[in-house]
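Here the structure is laid out as structure tokens; the discussion comes afterwards.
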Amino acid sequence: MTRVRKYHLTLIGVAALLLVMSLVRIITGENDITSSGTFNAALLLAVPIGLAGLGGLWAERAGVVNIGLEGMMVLGTWFAGWAGYQWGPVAALVAGLLGGAIGGLIHAVATVTFGVDHIISGVAINLLGPGVTRFLSEVLFKEGTRASAAGAGITTSPPISGSAWTPSLPVLSDGPDLLGKLESTHWFLLSDLAGILRGLTHDVNILVVLAVLLLPLTYFVLWHTAFGLRLRSAGENPWAAESLGVNVYLTKYVAVVISGAFAGLGGVFLVFVSNKYVEGQTQGRGFIGLATMIFGNWRPGGLAAGASLFGYASGLQLRSSGAVTTFFLFGAVLLLAYLVIQVRRLLAADRPAELAAGPARQYTLMAFAALGMVVLFWLWLTVEQLPNEFVFITPHVLTLLVLLVASQRLRPPKADGVRYRRGEQH
Amino acid sequence: MPAGLNRALLTVAGAVIAIVLAIAISSVAIIAAGASPLDAFAAFFDFGESARAQSNGVAAFINRAVPLFIAGLAVAVGFRMNLFNIGVEGQYRLAAIVAAYVGSTFTAPAPIQIAVIIVVAALTGGLYALIPAVMKVTRGVNEVIATIMLNYIAISLTSYLVRGPFAGQRAAGQLTTTTPELPESAMFPNLNVVFDWFGALPPTRGGGLQGFLLVAIVLGVVVWIVLERTRFGFDIKASGLNGPAALASGVNPKKMVIAAMVMSGGIAGLIGLPEILGDKGAFNSNFTAGLGFLGIAVALLGRNKPVGIAIAALLFAFLDRAQGSLQFAGVPSSVVTIIQAVIVLLVVVANEVTNRLALRLEERRAAQQLGRDNPVEVTA
Chain A
2 MTRVRKYHLT LIGVAALLLV MSLVRIITGE NDITSSGTFN AALLLAVPIG
52 LAGLGGLWAE RAGVVNIGLE GMMVLGTWFA GWAGYQWGPV AALVAGLLGG
102 AIGGLIHAVA TVTFGVDHII SGVAINLLGP GVTRFLSEVL FKEGTRASAA
152 GAGITTSPPI SGSAWTPSLP VLSDGPDLLG KLESTHWFLL SDLAGILRGL
202 THDVNILVVL AVLLLPLTYF VLWHTAFGLR LRSAGENPWA AESLGVNVYL
252 TKYVAVVISG AFAGLGGVFL VFVSNKYVEG QTQGRGFIGL ATMIFGNWRP
302 GGLAAGASLF GYASGLQLRS SGAVTTFFLF GAVLLLAYLV IQVRRLLAAD
352 RPAELAAGPA RQYTLMAFAA LGMVVLFWLW LTVEQLPNEF VFITPHVLTL
402 LVLLVASQRL RPPKADGVRY RRGEQH
Chain B
8 MPAGLNRALL TVAGAVIAIV LAIAISSVAI IAAGASPLDA FAAFFDFGES
58 ARAQSNGVAA FINRAVPLFI AGLAVAVGFR MNLFNIGVEG QYRLAAIVAA
108 YVGSTFTAPA PIQIAVIIVV AALTGGLYAL IPAVMKVTRG VNEVIATIML
158 NYIAISLTSY LVRGPFAGQR AAGQLTTTTP ELPESAMFPN LNVVFDWFGA
208 LPPTRGGGLQ GFLLVAIVLG VVVWIVLERT RFGFDIKASG LNGPAALASG
258 VNPKKMVIAA MVMSGGIAGL IGLPEILGDK GAFNSNFTAG LGFLGIAVAL
308 LGRNKPVGIA IAALLFAFLD RAQGSLQFAG VPSSVVTIIQ AVIVLLVVVA
358 NEVTNRLALR LEERRAAQQL GRDNPVEVTA
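Here the protein sequences come in this chain order: A and B.
With the numbering used here, letter number 174 in the first sequence gets 175, and the count goes up by one each step, no holes.
With the numbering used here, letter number 131 in the second sequence gets 138, and the count goes up by one each step, no holes.
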């Protein structure tokens, strides 16, 4: 018998999730739950968050807490907009990367060289990013400048010249568009699968493809190369790394600069989506990226799951504000599944005495789950439409709930946020 | 020279160097923008032409410093025990709208009315901060992430409340939504008297010199006493400096997390009150935002001590006030934010450098003294 691995569990989990989503769609008749439009939007919304999260991952794996991702992302958006209107998308990409990397460099100088508390330096960078970009806008985009003639304002850059390439998967999502046809039949499960696949392959910006590829690339570099091992050792135990001849300072510098570049890339992506720089475009995505990284247990796979969850919740909200109420039904179904599993376990087991001590706690937990299920189901039946503000916070509430359930299994790098000085092993 | 004095001198020198460097960096930025740094620095001290404008400038400066000071205090209480309450932003906005609404539902004699509003604000902030505290204590959820998420939730919730359940009568032609007007008895008396003592004209804009200044001062003293002169404050400090040691000496870490977080949130609840009770008389959609995040910077700059926070709040308010005069002098006003961020960054860097220097000097001094006073006799 083959061992059941994490990989198998993930596959089973995804299949079960798909089944539940399909079921919920059939019950509620909200086709947007698995429509290609929703997934297309979800992908666009998940990518910048995921990129910010990857930025956080690089820094924290090397032991530097990076709460300044937001500020670095802001720098990325401005530089992308500024370079983009003059020299096109490629220049925007490069400039945004550099802008974010400069933010990362400042963070590295403060935390690694001067040993400043990582949170403090991050807060300062979050103040600095918007301040510097606003200043640059006021100088370079003001009335009477060349940019202003091209359509800039104090809070926006001119539109980017040229556009990025958006390929689709031939035959399946384009041309004959087989998946699209299958999706519009609204068959159980099949159409859902088609909708999801089409959403992920139709008119995909080339930058999305790049960004998604960065995920396995990060995994490979951090977990399967010598450099990655050194980087992670700097985050787990820098003194041990030092004793083995790793240049911890240099490693941390590289990691934090790359971290900033990733955040900047997230910013570039936002600029590409709206085709220009707009002040306040990031809307706290740097922070949310940080949350997805913690949510993902400081691993690329979990991070991707977190970013997808965020992207999906926001995408669904964007497509149809009524569809969000189905999350109530979704939650109720999940709680029901949990209850069924628990009850079966209780009934099946003539359990050993030492395990019988637990049930009091377990019964309260189950009672709460049942109560929650009833409340959620009732909410789904009665609430027609949520106010927009409540819809907007869906992803944040979901993150909090997932953290409540899962956070005790999280394991951050051991020396994350620890001040390291060469030769100061205590 | 005694070690303590040595260290204090170094600290002051560090701060001065940091501020001089910040000025130098921002001067470079101003020159790059094609303006003169001298004009810019003149603008910081230019409070206006007429006597009335000068009074208004001074009042605006103090009025800005008060909420920054309270925000800094709120953040500092958490920072003292390495508890990062990033959620001050959400806590104060939610507390402000709840307090403004509750205050508008009844009328009582002024002292009672104001006291009730203050208590409601503190309770709301404290209860909202209780959520991340309980999540941390029972489920081990990182408070930084929890408070960031709760910020978004609180901000959305307030914008829903001001539009929906807590909305009051909107005046004709007004675009801003607002809570019902507070009764006259809820308005905190202003301190324009102070201007008379100095023979200046009383300020007219922004409700004059807001009386909440007095509450802030009392709050600062209370926080100082609690943190520096009580067992509770000591426990907080001990938990922050060395958690395991505090635990071993009988401090319950879970209780401390909850107490510190709720205290921080309770103080945060008061941040919005000067504006509501001293000027606007209601919570509207133009309510000042971002004070919670600035409070983090103020607390860091003030090294989490009430006196330091007061100085930092005054510095930030002084810089913020000049935005108008800077624009007038043809300097991009966002240079203020750059100066603030650079000062925070450089001051913490300077702290680190002076700490290292002081340590090295102290080591050298001790070594010298050992060598002179008490030579080690080595006998074969």
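All C-beta atoms in this analysis are idealised placements derived from N, C-alpha and C, irrespective of residue type, glycine included.
Query, Result
"Pairwise C-alpha distance: Gln376 (chain B) and Leu17 (chain B)", "21 Å"
"Beta-bridge pairing of Asn291 (chain B) - partner residues as DSSP gives them", "B:Thr185"
"Extent of the continuous alpha helix (DSSP H) run through Phe113 (chain B)", "Careful: Phe113 (chain B) lies outside any alpha helix (DSSP H) and carries neither H nor E."
"Under 8 Å by beta carbon: chain A residues contacting Ser166 (chain B)", "Glu390"
"Top-ranked residue by Cα proximity to Gly279 (chain B), from B:Leu220, B:Thr114, B:Leu182", "B:Leu220"
"The stretch 281 to 295 of chain B / the stretch 194 to 205 of chain B touching (three or more Cβ pairs under 8 Å)", "yes"
"Neighbour flag for Thr344 (chain B) against chain A, beta carbons, 8 Å", "yes"
"Short CB-CB distance (under 8 Å) between Ile26 (chain B) and chain A", "no"
"Chain B within 8 Å of Ala262 (chain A), Cβ atoms only", "no"
"Bridge partners - Thr476 (chain A), DSSP secondary structure assignment", "Because chain A spans 2 through 427 in this model, residue 476 (chain A) falls outside it and cannot be assessed."
"Among A:Gln409, A:Gly100, A:Leu366, A:Thr252, nearest to Gly130 (chain A) - alpha-carbon criterion", "A:Gly100"
"Residue-level contact to chain A via CB, Phe173 (chain B), 8 Å cutoff", "no"
"Through-space distance from Gly215 (chain B) to Ala83 (chain B), alpha-carbon basis", "29 Å"
"Ser57 (chain B) versus Ala304 (chain B): straight-line alpha-carbon distance, rounded", "34 Å"
"Where Leu190 (chain A) sits in the DSSP three-state scheme", "coil"
"Tyr108 (chain B) burial status per 10 Å Cβ neighbour count (16 or more: buried)", "buried"
"Chain-ordered residues of the stretch 266 to 298 of chain B with a beta carbon less than 7 Å from chain A", "none"
"Three-state secondary structure (DSSP) of Ser23 (chain A)", "helix"
"Limits of the unbroken alpha helix (DSSP H) element including Ile394 (chain A)", "Run containing Ile394 (chain A): none; DSSP gives neither H nor E here."
"Buried or exposed by the 16-neighbour rule on C-beta atoms within 10 Å, applied to Trp79 (chain A)", "buried"
"CB contact flag (Leu98 (chain A), Gly265 (chain A), <8 Å)", "yes"
"Local conformation of Phe91 (chain B) per DSSP, three classes", "coil"
"Residue ranges of each alpha helix (DSSP H) within the stretch 270 to 333 of chain A, 4 or longer", "286 to 296, 301 to 320"
"Element boundaries [alpha helix (DSSP H), containing Pro74 (chain B)]", "58 to 86"
"Collapsed DSSP secondary structure at Thr388 (chain B) in the structure displayed", "Lying before the first or after the last residue shown, residue 388 (chain B) is absent from chain B, which here runs from 8 to 387."
"Identity of the residue in A:Val334, A:Val257, A:Leu215, A:Leu380 nearest Leu304 (chain A) by Cα", "A:Leu215"
"Own chain residues within Cβ distance below 8 Å of Ala289 (chain B), not counting five before or after", "Ala107, Ser111, Gly175, Thr185, Thr186, Pro187, Glu188, Leu189, Ile283"
"Distance, Leu12 (chain A) Cα to Met2 (chain A) Cα", "The predicted model places Met2 (chain A) with a pLDDT of 47, which falls under 50 and marks its position as unreliable, so this point remains unresolved."
"Exposure of Asp327 (chain B), with buried meaning 16 or more beta-carbon neighbours within 10 Å", "buried"
"For Pro251 (chain B), the first and last residue of its enclosing alpha helix (DSSP H)", "250 to 255"
"Closest by C-alpha distance to Gly132 (chain B), when choosing among B:Ala81, B:Thr361, B:Gly337", "B:Ala81"
"Own chain partners of Leu340 (chain A) with C-beta closer than 8 Å, once the 5 adjacent residues on each side are dropped", "Met367, Ala370, Ala371, Met374"
"Sequence-distant residues of its chain with Cβ nearer than 6 Å to Gly292 (chain A) (five each side left out)", "Here the sequence assigns Ala to residue 292 (chain A), which means Gly is not the residue at that position. Excluding sequence neighbours, Ala292 (chain A) sits near Thr400."
"Residue range of the unbroken alpha helix (DSSP H) whose run includes Phe195 (chain B)", "Phe195 (chain B) -> no alpha helix (DSSP H), and no H or E assigned at all."
"Alpha helix (DSSP H) runs wholly inside the stretch 306 to 372 of chain B, at least 4 long, in chain order", "313 to 328, 330 to 335"
"Proximity test, Cβ basis, 8 Å: Phe51 (chain B) and chain A", "no"
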